[in-house]
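S.K.: Going down the list, the sequences are from chains A and B. Taking this note's numbering, the leading residue of the first sequence gets 1, the next gets one more, and so forth. Taking this note's numbering, the leading residue of the second sequence gets 1001, the next gets one more, and so forth. I have a structure I would like to understand better, so I am pasting it below and will then ask my questions one at a time.
Number of protein chains: 2
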Amino acid sequence: MGASATTTPELYAMNGGDGRFGYAKNSFLQGHDINASKGKIGEAIAEKLDLKILLSTSKTIRIVDAGCSVGPNTFLAIQNIIESIERKYQAQYLNINEKPEFQVFFNDLTSNDFNTLFSSLPPNRQYFAAGVPGSFHGRLFPEGSIHFFYSSIALHILSKAPEEILDKNSPSWNKGRIHYINAPDEVVNAYATQYAKGIEIFLDARAKEMVSGGMAVMIFPANPTGIPYSQTFTGAMFELLESSLLDLVKEGKISEAQVDSFNLPMYVPSLEEMMELVQKNGCFDIEKMELTSPGVHASMSNASSMGKAIVMHVRAGMERMLIQHFGSEIIDELFNRYAKKFEEFPHHVLPSKKVQLFVVLKRK
Amino acid sequence: MGASATTTPELYAMNGGDGRFGYAKNSFLQGHDINASKGKIGEAIAEKLDLKILLSTSKTIRIVDAGCSVGPNTFLAIQNIIESIERKYQAQYLNINEKPEFQVFFNDLTSNDFNTLFSSLPPNRQYFAAGVPGSFHGRLFPEGSIHFFYSSIALHILSKAPEEILDKNSPSWNKGRIHYINAPDEVVNAYATQYAKGIEIFLDARAKEMVSGGMAVMIFPANPTGIPYSQTFTGAMFELLESSLLDLVKEGKISEAQVDSFNLPMYVPSLEEMMELVQKNGCFDIEKMELTSPGVHASMSNASSMGKAIVMHVRAGMERMLIQHFGSEIIDELFNRYAKKFEEFPHHVLPSKKVQLFVVLKRK
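What follows is the structure, given as structure tokens:
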């Protein structure tokens, strides 16, 4: 309980504020994703959520957005969830006037800019809002208190990169790379093991926090089975970042050792991996688990303005972590290079579909 | 529900951050108050809180600190409350090993610096923490969800100063004053009426939010019956601020109209006024309501360093509001003058005792 369970370094949080490189202004692609998943979430609630069970022990529906960042996407997603639950309520309780109350917990790392989040809460919101600082790789809420858990584009983040890939004497040493793209199996396995551990902790915590019958909807980058990671959109994005850093090494602006000791704390699992982890945990029924294609990525190949936007998004999401490791002096040049590489990259060779996993679980 | 019920202007929040004039560094006097009230709160919990009733419908004890600011006082107060409840739990349930879980909601205005609050949460805390932005003059939590409500030195703050005292054509016009010290009865009555309205809304909201048997402990400045407000410590503090502003008017640095249109949104009630408001609401049993004497004020008369500290405290608490109205240019000079006046003031003529109201209510 408390912060002792929280191991995720706080610099993994998105850029705060609402400035040029802030997440609030650089998260509309995630907004597209939310629009794309809106209907799916509505369907899951309509078909699978049993409000009679949830409301048998509580007059309030408690909802979490884990990895909420600073908005505005979190507010759109929450509004969609609440409206879907209200529609379901009307369908299940035709003759009852009294509606449930909603309490929404906006969760992200402690270093997230909660001040910006709070000041942009919708003034006419129909729910009680609270912010919860801390890592979802650990307990965040009292036992049996959460009815609906939501997380968008956050579950690929590790509590930390695997430690063994920093060991020069190990076959898992990740020399010259910042991720596991084109890496030996030992590195990929170290990442996969670290991810599995994190998801086990994550599922254990959620199993304790959620009420029986409660629903978890999670959307996050996934690796389509059979396609090498380097040929996926996410993989290509990180490879270009690695290549930009290696250019700076060549020019002596950062050292080789700095790149060797930097590893992105992210892992993109396959559907099969996630399925296995949920089944191993055993506390949840899998209502849905499918690869989806967020519309925006498919249309990205011929739009250079979209490319620029994506670069800004990557910067909003990863700048803090990069500055912490490489210093702020190189950050503008790094992203200028990254932008150039991104523009020149032949996006059309990438598989454009099925790059996210849409998961609906129900607490047994 | 939601922010629509929130009318308190956001500039009433304390200074954020942990800088020289920040509340985090200028709140140790309130810390003294918390120490002084620690035993009283422990007693109230030991004698009056029935955990069997509270835990009959919930495995979690939910606690609120309303007007928490940025710490560290809120953490000390919460720790004391939780330890007292745990002692009571052990006394009531001798043979039960399973302890309840605690969830603590730190509440203050949306403009409060929640980022600083969250980053200073005790790492070894034994509770789940959440921040709740919004005014306590309105609903903040779902129905029947709160077991213990706490508020220290916040309940004297109005949602706004009374409007009629701005009306030049009204007998309540508060010309040449920033508060109701030495003001005609019409001004005092306008403040008292505004306060009563605010407390009615406050008690209605808490009555909805608290479970039956839940306890509210509130500590706030009070006016001892029979002693004119100008002769109390709080009254004198504000009179010196008024006098400092009037000096700036004389020197042409701010206008007379600026002072006329500024009124402190605060009211210091008597025990009898508060008693009447609680009885009128009707949802709470009054377990305790007494005037108390926080030790620090009594020892203040001969300590000029304490005087300086108090000036810094007033600045931390009121600077935002003053800058908003008078501009930032005059703020240093204003507080230099205030400090000088404070030092020269014959504190020994003030009644040194019984300047706070300690209130324990129980939800029927």
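Even glycine gets a Cβ: it sits at the ideal position worked out from N, Cα and C. Bear in mind that the values here come from a model prediction, so they are computed numbers and not experimental data.
By Cβ distance, which residues of its chain are closer than 7 Å to A/Lys308, with the 5 residues on each side in sequence left out?
M.R.: If we look at A/Lys308 and ignore the five residues flanking it on each side, its Cβ neighbours are Ala339.
S.K.: Identify whether B/Asn1073 lies in helix, strand or coil by the three-state DSSP scheme.
M.R.: Reduced to three states, the DSSP call for B/Asn1073 is helix.
S.K.: I'd like to confirm the pairing. Which residues does DSSP put opposite A/Arg62 in its beta bridges?
M.R.: According to DSSP, A/Arg62 bridges with A/Gln103.
S.K.: How many Å lie between B/Gly1042 and B/Ser1084 at the Cα?
M.R.: One C-alpha to the other measures close to 5 Å.
S.K.: Residues of chain B with CB closer than 9 Å to the CB of A/Val359, please, in chain order.
M.R.: By Cβ distance, chain B contributes nothing, its closest Cβ being about 25 Å from A/Val359, past 9 Å.
S.K.: Whole angstroms are fine: how far does the CA of A/Gln126 sit from the CA of A/Thr116?
M.R.: One C-alpha to the other measures close to 20 Å.
S.K.: Looking at the C-beta of A/Asn73, does it have a partner C-beta in chain B at a distance below 9 Å?
M.R.: With 9 Å as the cut-off, A/Asn73 does not count as an interface residue toward chain B.
S.K.: Note down, one range per segment and in chain order, each beta strand (DSSP E) of at least 3 residues found wholly within the region 1208-1274 of chain B.
M.R.: Runs of the beta strand (DSSP E) inside the region 1208-1274 of chain B: 1210-1221.
S.K.: Beta-carbon of A/Leu121 versus every beta-carbon of chain B: anything under 9 Å?
M.R.: Chain B contact via Cβ: present.
S.K.: Is there at least one Cβ from chain A nearer than 9 Å to B/Asp1167's Cβ?
M.R.: With 9 Å as the cut-off, B/Asp1167 does not count as an interface residue toward chain A.
S.K.: Using a Cβ-Cβ distance cut-off of 9 Å, determine whether A/Ser4 contacts chain B.
M.R.: Only weak support exists for where A/Ser4 lies, its pLDDT of 39 falling under 50; the value from the coordinates is given anyway. By this cut-off, A/Ser4 is an interface position.
S.K.: Does any residue of chain A bring its CB to less than 9 Å from the CB of B/Gln1279?
M.R.: No, its Cβ sits nowhere closer than 9 Å to a Cβ of chain A.
S.K.: Am I right that B/Lys1341 and B/Gly1213 are in contact with their C-beta atoms under 8 Å? What's the rounded C-beta distance?
M.R.: Not quite, the Cβ-Cβ distance comes to about 48 Å (not below 8 Å), so this is no contact.
S.K.: Identify whether A/Phe326 lies in helix, strand or coil by the three-state DSSP scheme.
M.R.: Looking at A/Phe326 - three-state DSSP - the assignment turns out to be helix.
S.K.: Alpha helix (DSSP H) containing B/Phe1114: first to last residue?
M.R.: Segment 1114-1119, the alpha helix (DSSP H) holding B/Phe1114.
S.K.: Is any beta-carbon of chain B found at less than 9 Å from that of A/Val249?
M.R.: No - not a single Cβ of chain B is within 9 Å of the one on A/Val249.
S.K.: Can you give the Cα-Cα distance for A/Lys197 and A/Tyr191, rounded to whole angstroms?
M.R.: So the two alpha carbons sit approximately 10 Å from each other.
S.K.: Hey, could you find the ends of the alpha helix (DSSP H) B/Asp1332 is sitting in?
M.R.: Here the alpha helix (DSSP H) through B/Asp1332 covers 1331-1344.
S.K.: Residues of chain A with CB closer than 8 Å to the CB of B/Gly1144, please, in chain order.
M.R.: Within 8 Å Cβ-Cβ: Lys59.
S.K.: Which chain B residues sit within Cβ distance under 7 Å of A/Asn115?
M.R.: Going along chain B in sequence order, the residues near A/Asn115 (Cβ under 7 Å) are Asp1113, Phe1114, Asn1115.
S.K.: Say whether chain A places a C-beta atom closer than 9 Å to the C-beta of B/Val1070.
M.R.: Taking Cβ atoms only, chain A never reaches closer than 9 Å to B/Val1070, which makes this a no.
S.K.: Please confirm whether any heavy atom of the ligand ATP lies closer than 8 Å to the CB of A/Phe75.
M.R.: Absence of the ligand ATP is noted for the structure shown, with no ligands found whatsoever.
S.K.: Here's the rule I'm using: 16 or more other beta-carbon atoms within 10 Å means buried, otherwise exposed. How should B/Pro1142 be labelled?
M.R.: The residue is buried, with at least 16 neighbouring Cβ atoms inside 10 Å.
S.K.: Which residues mark the beginning and the end of the alpha helix (DSSP H) in which A/Ile53 is found?
M.R.: Element bounds for A/Ile53: 51-54.
S.K.: Could you check the C-alpha separation between B/Glu1239 and B/Leu1245 for me, to the nearest Å?
M.R.: One C-alpha to the other measures close to 10 Å.
S.K.: Using a Cβ-Cβ distance cut-off of 9 Å, determine whether A/Glu101 contacts chain B.
M.R.: So, interface residue.
S.K.: Going by DSSP, what residues sit across from A/Arg363 in a beta bridge?
M.R.: Note: A/Arg363 sits in a beta bridge opposite A/Phe284.
S.K.: Quick check: what's the CA-CA separation for A/Phe233 versus A/Glu290?
M.R.: If I take the Cα positions, the gap works out to 18 Å.
S.K.: DSSP three-state label for A/Met300, please.
M.R.: The pLDDT assigned to A/Met300 is 45, lower than 50, so where the model puts this residue is not dependable, and the model offers no usable value.
S.K.: Rounded to the nearest angstrom, what separates A/Thr292 and B/Met1210 at their Cα positions?
M.R.: Those two C-alpha atoms are separated by around 44 Å.
S.K.: I think A/His137 touches A/Phe202, with their Cβ atoms under 8 Å apart; what is that distance to the nearest whole Å?
M.R.: Contact holds; Cβ gap of about 6 Å.
S.K.: If we define contact as Cβ-Cβ less than 9 Å, is A/Gln79 a contact residue for chain B?
M.R.: Output row for A/Gln79: interface = no.
S.K.: What are the residues in the region 214-244 of chain A lying within 8 Å of chain B by C-beta distance?
M.R.: Answer set for the region 214-244 of chain A: empty.
S.K.: Near A/Glu287, what residues of its chain come up, given a Cβ to Cβ distance below 6 Å and the 5 sequence neighbours on each side ignored?
M.R.: Result list for A/Glu287: Lys48, Val360, Lys362, in chain order.
S.K.: Is A/Ser152 helix, strand or coil when you go by DSSP?
M.R.: Note: A/Ser152 maps to strand in three-state DSSP.
S.K.: I'd like the list of long-range same chain contacts for B/Pro1269, defined as Cβ closer than 7 Å, with 5 residues on each side in sequence excluded.
M.R.: The residues are Tyr1195, Ala1222, Asn1223.
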